[in-house]
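Heads up, the thing below is written out as structure tokens.
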Amino acid sequence: MKATWIVGAAAIAVLGVSAPADAQVVSEERVNRDSLQVHQVRRGDTLWDLSRQYLRDPLRWSEIFQLNRDVVANPHWIYPAERLRIPILAARDATAGPASSWSEQLVEEDRTIFFVPETRTSTEHRLRLAQLAPAVTVTRGDYLRAGFVSSDGLIAPVGRLAELISPSIVPLRIAPQIQIYDRVYMTIAQPGTVEAGDRFLLVREGRWIRPYGRIFNTTGVASVAEINGDVATVVIEEMYGVVSVGDGALPMPQFGVPAGVRASSSAGLEGQIIAFQSEHALKNIEDIAYLDLGSASGVVEGDEFVAILPAVQRAWGVRPEIEVARLRVIRAADRTAAVRVIGLEQPALQAGMPVRLVAKMP
1 MKATWIVGAA
11 AIAVLGVSAP
21 ADAQVVSEER
31 VNRDSLQVHQ
41 VRRGDTLWDL
51 SRQYLRDPLR
61 WSEIFQLNRD
71 VVANPHWIYP
81 AERLRIPILA
91 ARDATAGPAS
101 SWSEQLVEED
111 RTIFFVPETR
121 TSTEHRLRLA
131 QLAPAVTVTR
141 GDYLRAGFVS
151 SDGLIAPVGR
161 LAELISPSIV
171 PLRIAPQIQI
181 YDRVYMTIAQ
191 PGTVEAGDRF
201 LLVREGRWIR
211 PYGRIFNTTG
221 VASVAEINGD
231 VATVVIEEMY
241 GVVSVGDGAL
251 PMPQFGVPAG
261 VRASSSAGLE
271 GQIIAFQSEH
281 ALKNIEDIAY
291 LDLGSASGVV
301 EGDEFVAILP
311 AVQRAWGVRP
321 EIEVARLRVI
331 RAADRTAAVR
341 VIGLEQPALQ
351 AGMPVRLVAK
361 MP
């Protein structure tokens, strides 16, 4: 596989395609024209950011790392002028044959229903809509970011983050903040239960929601790089918020929402909103709420509810019920479920509001 380079301000034509010298992203220089493009790293780039930019999901950074093991020795560090091979998300050569199963898998894994395809004027890279993979109703990232409600007694962290590995001879008045790809010491609750390569979901205890339990906010994902007795060195692979010393580590949950499956009309199940992840007063689209219904009630990821203002008697007659918001379940626990606000009709969404099931996953 032949690599291509830009020397000075001159662009070298590769495979009959030339790229401008000032381009940060050299997308026309293909290592594999059917599935890859090339990005020239500049200061400040991270694999997390490149995955968000090209694959529309920062959680897929490891795919870029695996393709560039010959260039990137450590995923925490990439350097200016390095040239990284990156999978093409949706653009396909209009004259090419059927895509390989590998490249199709890259396209279909986590594309959401809000995906906006990249458009190109060149007929060489037209989007072949018939070959696009089905959208995912709930992505893995949605599921892990959602947090959950549970009793303290049911949550037993495997370990807790203890200290950022950041030695320095320079005295610091404020401890440095943990960043993506940082290495952190983690104390192990029961030595011998953790192995190198294990991955954990990082959580932080939040406020109480009686009588359901406590909100546990997810902050990121860490993998174990090394173990020394009752202390593990972990690498922060994903961040959903601020990762801090004291965050607990839980075994990674299983996520299995199938692609291309959508909820269909249903009715009958009713409950209420018990809390919101954020405490700000005005709720909006994309906010996370928690319902008093969970898997014990048959709720699964992808189910949809509407929040309503019930019908009330007025002096002039009965005011009909008002649909305030549409909610999609992104993580179901035993007695509760985390939902995302996907539609807001009225600025009246609040805790205690009744909800009704309107669409059910098969």
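Numbering (our numbering), first residue to last: 1 to 362.
We put the CB at the ideal spot given by N, CA and C, even for glycine.
Which term fits Q177, buried or exposed, when burial requires 16 or more other beta carbons within 10 angstroms of its beta carbon?
Numbered from its first residue, the sequence shown carries residue 177 at position 177. Flag for Q177 reads exposed.
Given a threshold of 16 other Cβ atoms within 10 Å of its Cβ, counted over all protein chains shown, does W48 qualify as buried or as exposed?
For the purposes of this step, residue 48 is identified with residue 48 of the sequence shown, where counting begins at 1. It is buried - the Cβ of W48 has at least 16 other Cβ atoms within 10 Å.
Per DSSP, E345 forms a beta bridge with which residues?
In the sequence shown, counting from the first residue as 1, residue 345 sits at position 345. Its beta-bridge partners do not exist; DSSP assigns none.
DSSP state of I215, grouped into three classes?
Along the sequence shown, read from residue 1 onward, the residue named residue 215 stands at position 215. If DSSP states are grouped into helix, strand and coil, I215 belongs with the strands.
For the beta strand (DSSP E) that contains G153, what are its first and last residues?
Mapped onto the sequence shown, residue 153 falls at position 153. Premise fails: G153 is in no beta strand (DSSP E) and is neither H nor E.
Which same chain residues end up closer than 8 Å to S223 when comparing Cβ atoms and leaving out the 5 residues on each side of it in sequence?
For this step, residue 223 is matched to residue 223 along the sequence shown. Cβ within range, chain order: G197, D198, R199, F200, V234, V235 and E237.
Between I86, V245 and L144, which has its C-alpha nearest A175's C-alpha?
Here residue 175 corresponds to residue number 175 of the sequence shown, with the count starting at 1. Across the set I86, V245 and L144, the C-alpha of V245 shows the shortest separation from the C-alpha of A175.
Around the Cβ of W77, are there at least 16 other Cβ atoms within 10 angstroms (buried) or fewer (exposed)?
Here residue 77 is taken as the residue at index 77 of the sequence shown, counted from 1. Answer is exposed; the Cβ neighbour count stays below 16.
For F255, the first and last residue of its enclosing alpha helix (DSSP H):
Here residue 255 refers to the residue found at position 255 when the sequence shown is read from its first residue. Annotation for F255: no alpha helix (DSSP H) segment contains it, and DSSP assigns it neither H nor E.
With distance defined between alpha-carbon atoms, name the residue in L164, V170 and T187 nearest to Q179.
Taking the sequence shown and counting its residues from 1, one reaches residue 179 at position 179. Nearest option by C-alpha distance: L164.
If you draw a straight line from the C-alpha of I274 to the C-alpha of V158, how long is it?
Here residue 274 refers to the residue found at position 274 when the sequence shown is read from its first residue. Here residue 158 refers to the residue found at position 158 when the sequence shown is read from its first residue. Their backbone Cα atoms lie some 28 Å apart in a straight line.
On a CA-only basis, which of A146, H39, L59 and L55 is nearest F276? Give me that one, please.
By one-based count along the sequence shown, residue 276 stands at place 276. When each option's Cα is compared against that of F276, the closest is A146.
May I ask you to report which of helix, strand or coil DSSP gives A296?
Taking the first residue of the sequence shown as position 1, residue 296 is located at position 296. Taken through DSSP and simplified to helix, strand or coil, A296 comes out as helix.
Reduced DSSP secondary structure (H/G/I, E/B, other) of G206:
Along the sequence shown, read from residue 1 onward, the residue named residue 206 stands at position 206. Reduced to three states, the DSSP call for G206 is strand.
In chain order, which beta strand (DSSP E) runs of at least 3 residues are fully inside the segment 296-344?
Within the segment 296-344, the complete beta strand (DSSP E) runs of at least 3 residues are 304-309, 312-314, 317-319, 322-332 and 337-344.
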